[in-house]
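For the sequence shown, the positions run 7 to 169 when this note's numbering is used. The beta-carbon is built from N, C-alpha and C at its ideal position, and this holds for glycine as well. Predicted model, so just to flag it, every value in this text is computed and none were measured.
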Amino acid sequence: MENFFVPEKIWQGEGPFPHVLVLLSEYPEFRKYARAHQELLCEYGDKLGVIPEQWLHSTVQGIHHAIDAGQLDKLRVTLRDELAGMVPFQVQLGPVWPGVTAVTVAVYPEDGMAELNGRVRTAMEKVPGVSLRPTELCFWAHASLAYAIPRELHQMGAFALVA
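What follows is the structure, encoded as structure tokens:
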């Protein structure tokens, strides 16, 4: 696997760096699912940083540069407006996929998450001064269970398994 924490993925400067997340840590079923994979993932402890249960999430969209308080206030308003009419949807989580930089869990069906991502991007783009990374050809809905990390981050205790 390749290091997940390459310079282009690490935020530069002081935040905030707002991200919209689905907090999977709030769902006991998903916590149990993640826990079922921890023993295997921990066998690669010098190469993988296992995500602690309280941090389990699916990222919908992030802003990868700092914004100020006024922009954050505007973002709250635009997000509420864009998401107000969205119909709730259910997802299925799984299977687990090893990837190049992370071990992830697929989120299906993709259409609800893709719509959510599109609405969140629209809201973020309405905030003056916010710039987003280019739109992906297809939104990849997933949750991460572990990231590939360099040995020095692991030794610093940047990641620790939380039982």
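Among 41, 18, 49, 96, nearest to residue 114 - alpha-carbon criterion = Counted from its first residue, the sequence shown places residue 114 at position 108. Residue 96 is the option with its Cα nearest to residue 114.
Neighbour-count burial assignment, residue 80, 16 or more Cβ in a 10 Å radius | In the sequence shown, residue 80 corresponds to position 74, counting from 1. By the 10 Å Cβ count, residue 80 comes out buried.
Sorted by chain position, which residues of the same chain lie with C-beta nearer than 8 angstroms to residue 92's C-beta, five sequence neighbours on each side aside?
-> Here residue 92 refers to the residue found at position 86 of the sequence shown. Around residue 92, the same chain offers 121, 122, 125 as residues with beta carbons nearer than 8 angstroms, after the five sequence neighbours per side are excluded.
Please classify residue 91: does DSSP put it in a helix, a strand, or coil?
-> On the sequence shown, residue 91 is found 85 positions in, with the first residue counted as 1. Coil, per DSSP.
Which listed residue (63, 77, 105) has its alpha carbon closest to that of residue 1 = Past the boundaries of the shown model lies residue 1; the chain is included only from 7 to 169, so the question cannot be answered.
Under the three-state reduction of DSSP, which class applies to residue 168: helix, strand or coil?
-> Counted from its first residue, the sequence shown places residue 168 at position 162. Its pLDDT being 39, under 50, residue 168 is placed unreliably by the model, and nothing is read from it.
Taking three-plus beta-carbon pairs below 8 angstroms as touching, is the stretch 71-88 in contact with the stretch 131-147?
-> Contact between the stretch 71-88 and the stretch 131-147 is present, because at least three Cβ pairs lie under 8 angstroms.
How many whole angstroms separate the CB atoms of residue 152 and residue 55, which I take to be in contact at a CB cut-off of 8 angstroms?
-> Taking the sequence shown and counting its residues from 1, one reaches residue 152 at position 146. Taking the sequence shown and counting its residues from 1, one reaches residue 55 at position 49. Yes, residue 152 and residue 55 are in contact; Cβ-Cβ is about 6 angstroms, under 8 angstroms.
Kindly indicate which residue of 154, 27, 59, 26 has the alpha-carbon position closest to the one of residue 106.
-> Stepping through the sequence shown from its first residue, residue 106 is reached at position 100. Taking only the C-alpha atoms, the option nearest residue 106 is 154.
Looking only at its own chain, which residues have a Cβ that is under 8 angstroms from the Cβ of residue 90, when we skip the five neighbours before and after it?
-> Taking the sequence shown and counting its residues from 1, the one referred to as residue 90 is at position 84. Correct list: empty, nothing qualifies.
Does the Cβ of residue 137 have 16 or more other Cβ atoms within 10 Å, making it buried, or fewer, making it exposed?
-> Indexing the sequence shown from 1 puts residue 137 at position 131. Exposed.
Quick one: is residue 42 buried, meaning 16 or more other Cβ sit within 10 Å of its Cβ, or exposed?
-> Along the sequence shown, read from residue 1 onward, the residue named residue 42 stands at position 36. Classification for residue 42: exposed.
Could you give the DSSP three-state label for residue 61: helix, strand or coil?
-> To locate residue 61, count along the sequence shown from 1; it is residue 55. Residue 61: helix per DSSP, three-state reduction.
8 angstroms Cβ shell around residue 39 - same chain, five flanking residues per side excluded = By 1-based counting over the sequence shown, the position of residue 39 is 33. Cβ neighbours of residue 39 beyond the five flanking positions: 99, 100, 111.
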